[in-house]
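Read the structure below first, then the notes.
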Amino acid sequence: MVTYEEIYIRTQYDGKDLMSVEEIYYYDDDGEEQICQEATDACIDISTCADQGADLWSWLREQVESRLRQAKITYRSLFFEDDRGD
Numbered sequence: 001m002v003t004y005e006e007i008y009i010r011t012q013y014d015g016k017d018l019m020s021v022e023e024i025y026y027y028d029d030d031g032e033e034q035i036c037q038e039a040t041d042a043c044i045d046i047s048t049c050a051d052q053g054a055d056l057w058s059w060l061r062e063q064v065e066s067r068l069r070q071a072k073i074t075y076r077s078l079f080f081e082d083d084r085g086d
């Protein structure tokens, strides 16, 4: 089992009210971005309406954390790609 040091959530926003997980990635030893396919597959269908207000980022984080636990994917730190939800 691989434990990722840091993984990042890339989100997609439709410009109106839909926010969804686009992919989950990490940086390899050379500093290159790598898609974590197993984590992305576990979380790709997570989406929500942006009308959840301030709780939007917390809700997304909780959903991703839950899915990663279910998939037995371990990590030390979880971030959003642009720190909006951190």
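Under the working numbering, the first residue of the sequence shown carries the number 1, and numbering increases by one thereafter.
Virtual Cβ for every residue (Gly too), placed ideally from N, Cα, C.
Tell me whether residue i is buried or exposed, calling it buried when 16 or more other Cβ atoms sit within 10 Å of its Cβ.
i     : result
Tyr13 : exposed
Leu18 : exposed
Ala39 : buried
Asp86 : In this prediction, Asp86 has a pLDDT of 49, which is less than 50 and means its spatial position is unreliable; nothing more can be read from the coordinates.
What's the gap between the Cα of residue i and the Cα of residue j?
i     : j     : result
Glu21 : Arg61 : Here residue 21 is Val; the residue named in the question, Glu, does not match the sequence. Their backbone Cα atoms lie some 10 Å apart in a straight line.
Asp56 : Ile9  : Here residue 56 is Leu; the residue named in the question, Asp, does not match the sequence. About 14 Å.
Phe79 : Glu6  : 7 Å
Glu33 : Glu23 : 12 Å
Tyr4  : Asp82 : 19 Å
Ile70 : Gln37 : Per the sequence shown, residue 70 should be read as Gln rather than Ile. Answer to the nearest angstrom: the Cα atoms are 15 Å apart.
In this structure, does DSSP put residue i in helix, strand or coil?
i     : result
Cys49 : strand
Val64 : helix
Gly85 : Only weak support is given to the placement of Gly85: the predicted model assigns it a pLDDT of 49, under 50, and the value that follows is read from those uncertain coordinates. Coil, per DSSP.
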